[in-house]
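No gaps in the numbering here: position 10 of the sequence shown is 10 in this note's numbering, and each next residue is one more. Positions of the beta carbon are idealized from the N, C-alpha and C atoms, including for glycine. Keep in mind the model is a prediction, meaning the values are calculated, not measured.
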Amino acid sequence: MPVRAFALILLAATLLLHPASRAAAPKSDGGAQFDSLIKPLFAEHCIKCHGGEKTKGKVNLKKVTTFNHLRANPKLLKELIEAVDSYDMPPESEPEIPDAKREELVASLKSMLREATAENPQDRHVQIRRLNRFQYNNAVRDLFLLNRDLFALPEKLMTRHSDYLKPDTRKMPNEVEVACHSLSPAAGMREVKAFPKDLRAAHGYDNQANQLSLSPLLLDSFLRLSVSIIESPDFNEQTVGIWNDFFRAPKAGDMREEVQKRLKSFLFLAFRSAIEVDTLERYTNYTLGKIEQGLSFTDAMKRAASAVLSSPRFLLRYGSTSAGKDLFVVASNLSFFLWNSGPDLELLELAESGELANLDVFKNACNRMMSDSRIERFLDAFPSQWMQLENLLGATPDPKLARLFNVDKSSPASVQMILEPLLLFDAMFLEDRPVIELIAPRFSYQSEFLQAWYTSDLKPPRFDTKAIVARNKSNDEKRAAFRTTIQSKEAELKTLVDPVKARLLKARRKGGKPVNLDPIAAWEFNNDLRDSVGSLHLKSHGKISFSEGMVVLKNSYLQSPSLSFDLKERTLEVWGMVHNIDQDGGGFMGVQGPGDFFDTIVLGERKKRHWISGSNRFARTKDFPES
1 MPVRAFALIL LAATLLLHPA SRAAAPKSDG GAQFDSLIKP LFAEHCIKCH
51 GGEKTKGKVN LKKVTTFNHL RANPKLLKEL IEAVDSYDMP PESEPEIPDA
101 KREELVASLK SMLREATAEN PQDRHVQIRR LNRFQYNNAV RDLFLLNRDL
151 FALPEKLMTR HSDYLKPDTR KMPNEVEVAC HSLSPAAGMR EVKAFPKDLR
201 AAHGYDNQAN QLSLSPLLLD SFLRLSVSII ESPDFNEQTV GIWNDFFRAP
251 KAGDMREEVQ KRLKSFLFLA FRSAIEVDTL ERYTNYTLGK IEQGLSFTDA
301 MKRAASAVLS SPRFLLRYGS TSAGKDLFVV ASNLSFFLWN SGPDLELLEL
351 AESGELANLD VFKNACNRMM SDSRIERFLD AFPSQWMQLE NLLGATPDPK
401 LARLFNVDKS SPASVQMILE PLLLFDAMFL EDRPVIELIA PRFSYQSEFL
451 QAWYTSDLKP PRFDTKAIVA RNKSNDEKRA AFRTTIQSKE AELKTLVDPV
501 KARLLKARRK GGKPVNLDPI AAWEFNNDLR DSVGSLHLKS HGKISFSEGM
551 VVLKNSYLQS PSLSFDLKER TLEVWGMVHN IDQDGGGFMG VQGPGDFFDT
601 IVLGERKKRH WISGSNRFAR TKDFPES
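If you want it as structure tokens, here you go:
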């Protein structure tokens with residue numbers, strides 16, 4: 001797919017991650033800026049507290065007399081940038097630096113810091129960040145191909161019930177089914193411990209790396225968390241996509257070789273980098289040791305997996321001291337930016353082979369990732385934190401001015417309002433709309449409630465009581481007349497029907513035994529294909545799996561033994577029961593008799609929560625009320 005115009009905004013951001021895009025910046029005229037801007041501002045706003053006898057914070061700016069003196073101290077430059085840019089300095093009791101001057105000062109200090117670190121590589125530090133909850137949840141899901149979230153995620157501000165994010169359509173529908181469940185998020189996996197709380201936002205674009213550290217106490221919490229995930233009742237062969245390839249015991253062969261082969265690919269994905277021989281040996285020996293202690297192969301691999309999840313190499317994202325030339329770091333940064341998760345095998349292999357250093361290959365990788373369904377995580381996380389939309393959920397307007405804001409206290413108007421900017425961002429991405437529409441959009445997605453609220457005062461209309469009383473009296477008189485007519489017609493109908501009914505009952509009593517309408521078979525799909533009524537146990541032809549009371553067919557079908565009696569008519573009745581009306585699904589059942597005798601019933605969802613029967617992809621079925 002070619003890079004679209006709106007996607008170029010993302011691509012421009014991701015290109016900053018690419019080593020080939022990092023051209024050396026020209027040196028600024030720092031000496032002139034120091035003399036004309038920095039030194040006068042220091043004298044006017046800073047020397048009073050940070051010079052002479054008073055040196056608050058052990059920072060004496062009076063000694064900083066030349067450009068070279070300041071540039072030679074990157075640590076001081078960094079502290080100055082943070083203090084001035086965050087408005088911590090000057091303090092509230094002192095005159096403020098004008099905003100224009102403040103911006104110019106910060107820009108000059110940043111330019112100076114870039115030059116200082118470029119000339120002194122030893123001053124560069126490896127940036128290390130811990131995965132936040134949103135990233136951790138996604139990374140674990142992708143690693144195990146889990147079909148559900150680990151935790152309740154209130155930070156996920158929009159849930160899409162309509163599947164409209166299809167890159168091949170590039171068109172938002174006029175109506176979409178979305179909801180905000182942040183005030184009552186869906187539960188995560190059972191018995192999984194809570195994620196250690198971050199001090200700031202839980203999304204994936206927080207620059208406060210110092211608040212995403214990993215202390216020994218926190219490391220112990222992550223170890224407990226990883227064990228609880230692996231031991232959760234919801235972590236099983238129905239929910240874990242890699243179960244057969246990773247956890248299921250091999251039939252035969254060299255045990256060390258098999259364990260090592262499985263761990264090698266698993267560690268490559270989990271650690272997002274090349275795996276050293278001694279690292280692979282350490283995890284292999286650990287797993288084999290558990291097997292020798294009496295654990296089953298599956299349980300031993302579970303122990304190894306939990307150890308991987310609690311490793312700093314999984315929990316931490318490592319930067320590079322080589323100006324972004326580590327392609328594994330590039331792949332990781334790109335993936336956590338676009339997918340809020342670790343890179344997949346294809347991206348890691350590009351990094352391992354060195355192909356990711358090619359700018360065209362990098363652009364193609366970006367295009368592929370933006371066309372992947374996991375881009376939904378970017379659309380969930382980036383605009384939410386960028387626009388700080390979570391603050392909207394905490395809004396409490398004056399009830400006198402917004403009387404209906406909390407008409408439903410469990411679902412205030414804010415949970416509908418918050419969807420507007422998120423759907424706008426979805427449309428911008430999907431339809432390649434002009435970027436200016438982020439500021440001045442020409443359209444908006446609104447619920448019926450919001451449309452009414454935005455365009456009217458929602459005051460109840462005034463009623464004419466006398467007219468209502470007169471209308472009700474007239475309706476009562478008409479209702480009484482209709483009741484009399486209905487009773488008369490029912491009596492007439494009874495005189496016609498009763499004799500016919502009596503004759504039919506008399507004829508039936510003389511006839512044979514009535515047809516038995518009890519079901520001849522029933523299948524619960526409770527991890528098996530057994531018939532709970534009779535002996536028509538199903539046999540699978542092709543690959544299948546079980547999930548939430550369903551059997552999922554993957555280019556396959558199920559077949560029962562032949563019926564014990566002959567069908568005399570083309571008659572088939574099928575009942576399906578779902579335990580959760582929100583689950584996706586569908587299927588069909590047919591009977592095949594001699595010759596061309598064939599009858600089929602299809603059940604499925606034409607749209608969300610609308611279960612109906614039909615055939616030929618519902619081409620001969622139309623929606624109807626209460627379907």
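beta-carbon residue i near the ligand HEM non-hydrogen atom, thresh 7 angstroms
i	result
Ala331	Among the components modelled here there is no ligand, and therefore nothing to report on the ligand HEM.
Per-residue DSSP class, three states only, for residue i
i	result
Ile128	strand
Gln559	strand
Gln709	This structure leaves residue 709 out entirely; the chain is present only between 1 and 627.
His69	helix
Asp599	strand
Ala274	coil
Leu348	helix
Gly31	helix
Gln208	Here the model assigns Gln208 a pLDDT of 48, short of 50, so the residue's position is not dependable and the matter cannot be decided.
Asp426	helix
His45	helix
Asp531	strand
Ala179	strand
Trp575	coil
Beta-carbon contacts of residue i that lie in its chain and below 8 angstroms, excluding the five residues immediately before and after
i	result
Ile47	Leu61, Lys62
Glu376	Arg160, Leu165
Leu629	This structure does not reach residue 629, given that the chain is present from 1 up to 627, and the question cannot be answered.
Asn236	Trp243
Glu390	Glu155, Leu157, Ser182, Ala201, Ser384
Start-to-end residues for the beta strand (DSSP E) that takes in residue i
i	result
Ile544	539-547
Tyr164	Segment: none, Tyr164 is in no beta strand (DSSP E) and carries neither H nor E.
Leu316	316-318
8 angstroms Cβ cutoff met for residue i and residue j
i	j	result
Gln127	Gly319	yes
Gly593	Leu567	yes
Asn137	Phe151	yes
Ser332	Arg317	yes
Ser447	Asp142	no
Trp339	Met369	yes
Ile418	Leu392	yes
Phe247	Thr298	yes
Ile229	Val140	yes
Ala521	Ser560	yes
Glu96	Pro90	yes
Ala395	Ser414	yes
Ala116	Pro185	no
Leu113	Leu77	yes
Nonlocal neighbours in the same chain, by C-beta distance under 6 angstroms from residue i, ignoring five residues either side
i	result
Leu70	Val64
Ser444	Glu420
Leu8	Any reading at Leu8 must be qualified, since the residue scores a pLDDT of 49, below 50, and its modelled position is unreliable; the value itself is stated next. Excluding residues within five positions, none has a Cβ falling inside 6 angstroms.
Continuous alpha helix (DSSP H) stretch holding residue i: start and end
i	result
Cys366	359-371
Asp299	297-309
Ser384	375-386
Tyr169	Here residue 169 is Thr; the residue named in the question, Tyr, does not match the sequence. It is not in any alpha helix (DSSP H) - Thr169 carries neither H nor E in the DSSP assignment.
Gln289	First, the amino acid is wrong: residue 289 is Gly here, not Gln. It spans 277-292 - the alpha helix (DSSP H) in which Gly289 sits, taken as one unbroken run.
Asp220	216-230
Met417	414-417
Ile486	465-510
Leu404	From DSSP, Leu404 is part of no alpha helix (DSSP H); its letter is neither H nor E.
Leu150	Premise fails: Leu150 is in no alpha helix (DSSP H) and is neither H nor E.
Asn333	327-338
Sequence-distant residues of the same chain with beta carbon closer than 7 angstroms to residue i, five excluded per side
i	result
Leu37	Glu104, Leu105, Ser108
Thr239	Leu146, Asn147, Arg148
Leu572	Val591, Asp599, Ile601
Ile226	Sequence inspection shows Ser at residue 226; the Ile mentioned does not correspond to that position. Counting only Cβ-Cβ distances below 7 angstroms, and skipping sequence neighbours, we find Ser306, Leu309, Ser310.
Ala427	Met172, Arg433
Cys49	Lys56
Asp498	none
(message) With a threshold of 8 angstroms, are at least 3 pairs of Cβ atoms found where one atom belongs to the stretch 441-455 and the other to the stretch 183-199?
(response) Counting C-beta pairs closer than 8 angstroms gives fewer than three between the stretch 441-455 and the stretch 183-199, which falls short of the contact rule.
(message) Taking 8 angstroms as the cut-off, does the stretch 271-291 touch the stretch 300-309 (at least 3 CB pairs, one atom from each stretch)?
(response) The stretch 300-309, when compared against the stretch 271-291, does touch it at the 8 angstroms Cβ threshold.
(message) So, does the stretch 158-166 touch the stretch 355-367, judging by three or more C-beta pairs under 8 angstroms?
(response) Judged by Cβ distances under 8 angstroms, the stretch 158-166 makes no contact with the stretch 355-367, as fewer than three pairs qualify.
(message) Quick test of the definition: if touching needs 3 or more C-beta pairs under 8 angstroms, does the stretch 381-399 touch the stretch 343-359?
(response) Too few Cβ pairs lie closer than 8 angstroms, so no.
(request) Could you tell me whether the stretch 396-403 touches the stretch 181-190, using the rule of 3 or more Cβ pairs below 8 angstroms? (result) Taking a contact to require three or more Cβ pairs closer than 8 angstroms, the stretch 396-403 and the stretch 181-190 do not qualify as touching.
(message) Between the stretch 515-531 and the stretch 547-558, can you find at least three pairs of beta-carbon atoms closer than 8 angstroms?
(response) The stretch 547-558, when compared against the stretch 515-531, does touch it at the 8 angstroms Cβ threshold.
(message) With three or more C-beta pairs closer than 8 angstroms as the rule, is the stretch 260-268 touching the stretch 168-184?
(response) Judged by Cβ distances under 8 angstroms, the stretch 168-184 makes no contact with the stretch 260-268, as fewer than three pairs qualify.
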